[in-house]
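Sequential numbering from 1 applies to the sequence shown in full-length UniProt numbering.
To keep things clear, I will list the structure first and then write my remarks on it.
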Amino acid sequence: MDSPFLSPIEKPRSFLWKLLYSFTRRRFGKVITPIKVMAVRLPLAFGSFSGKIGQLDKKLQLPPETVMLIRERVAQINVCLFCIDIGRAHTIMSAMNQAKFDALPEYETSTLFDRKEKVLLDFVTILARDRKMEHELFEKLAQYYDERSICEIVWIVATEFYYNISNIGLNIHSDMICDIAQKKMHQTADNLVPNL
Numbered sequence: 001m002d003s004p005f006l007s008p009i010e011k012p013r014s015f016l017w018k019l020l021y022s023f024t025r026r027r028f029g030k031v032i033t034p035i036k037v038m039a040v041r042l043p044l045a046f047g048s049f050s051g052k053i054g055q056l057d058k059k060l061q062l063p064p065e066t067v068m069l070i071r072e073r074v075a076q077i078n079v080c081l082f083c084i085d086i087g088r089a090h091t092i093m094s095a096m097n098q099a100k101f102d103a104l105p106e107y108e109t110s111t112l113f114d115r116k117e118k119v120l121l122d123f124v125t126i127l128a129r130d131r132k133m134e135h136e137l138f139e140k141l142a143q144y145y146d147e148r149s150i151c152e153i154v155w156i157v158a159t160e161f162y163y164n165i166s167n168i169g170l171n172i173h174s175d176m177i178c179d180i181a182q183k184k185m186h187q188t189a190d191n192l193v194p195n196l
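What follows is the structure in structure tokens.
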């Protein structure tokens, strides 16, 4: 069954929620399902928690592509279809290397990833999949990343789990945001091509 366990609320009563629906419609091309299913049923402060994570992510020192590789890897491990979709849409809109994100499930053997990225993704995979960490792998990671960066990596894994579990628990699947992002990028590219 692909529909959420709770019916989406299409027309919220509160003015603030109507405003939030409008904002997400402008940002994503639609009101995303987690807002219509979960956030709208909770006090506004709960919904703003996800926004706070986004604000805090802007303070990360890791490169945006590294942040998204971590988020996408965790979402793949947890099989959060919504998170995979919206994360991939973000990578498209940010003009990140799509070949690298396509190869993410096979990062261990892909030539698109350097040694530093492979160690990072090994760390993320063990942490997300096994929910434990080996000292030897931690030491390998520490050869490439400073203490702040390591803490940021763990933060990203932890917050991605929050998103994943919220969606999985309510049976929220892909909103096809990735398709919307691709269409927007094609429209933008078409508008940049001069008429001959």
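Backbone N, C-alpha and C fix where the C-beta goes; we use that ideal spot for every residue, glycine too.
Please read these numbers as outputs of a predicted model, since none were measured by experiment.
Would you say the beta carbon of residue i comes nearer than 7 Å to a heavy atom of the ligand SAM?
i   : result
L60 : Absent from the structure shown: the ligand SAM. Ligands present: none.
Between residue i and residue j, how many whole angstroms is the CB-CB distance? I'm expecting something under 8 Å.
i    : j   : result
N171 : P34 : The Cβ separation is near 11 Å, so there is no contact.
K36  : P8  : 4 Å
R148 : Q61 : 6 Å
I180 : I86 : Contact flag wrong, Cβ pair sits at about 10 Å.
P64  : S94 : 6 Å
Taking residue i as the reference, give the member of the options with the closest Cα.
i    : options                   : result
F101 : Y163, V67 and D57         : V67
L137 : D130, R131, V119 and A128 : V119
M185 : P4, Y21 and F28           : F28
S14  : N97, P43, A181 and I53    : P43
L81  : Q182, Q187 and E160       : E160
R73  : F49, K140, T111 and Y107  : Y107
C151 : F23, I165 and K59         : K59
W17  : L6, R41, P4 and D2        : R41
Considering just the uninterrupted stretch of the alpha helix (DSSP H) at residue i, what are its terminal residues?
i    : result
F49  : L44 to D57
M133 : Looking at the DSSP string, M133 is not in any alpha helix (DSSP H), and its letter there is neither H nor E.
F15  : F15 to F28
M68  : P64 to N78
Y119 : Per the sequence shown, the amino acid found at residue 119 is Val instead of Tyr. First-last of the alpha helix (DSSP H) with V119: R115 to T125.
P34  : T33 to V37
For a minimum of 3 consecutive residues, which ranges assigned as the beta strand (DSSP E) are wholly contained in the stretch 87-113? Fully contained in the stretch 87-113 is no beta strand (DSSP E) run of length 3 or more.
Kindly provide the ranges of any alpha helix (DSSP H) runs that are 4 or more residues long and lie completely inside the stretch 139-175, ordered along the chain. Correct list: 147-169.
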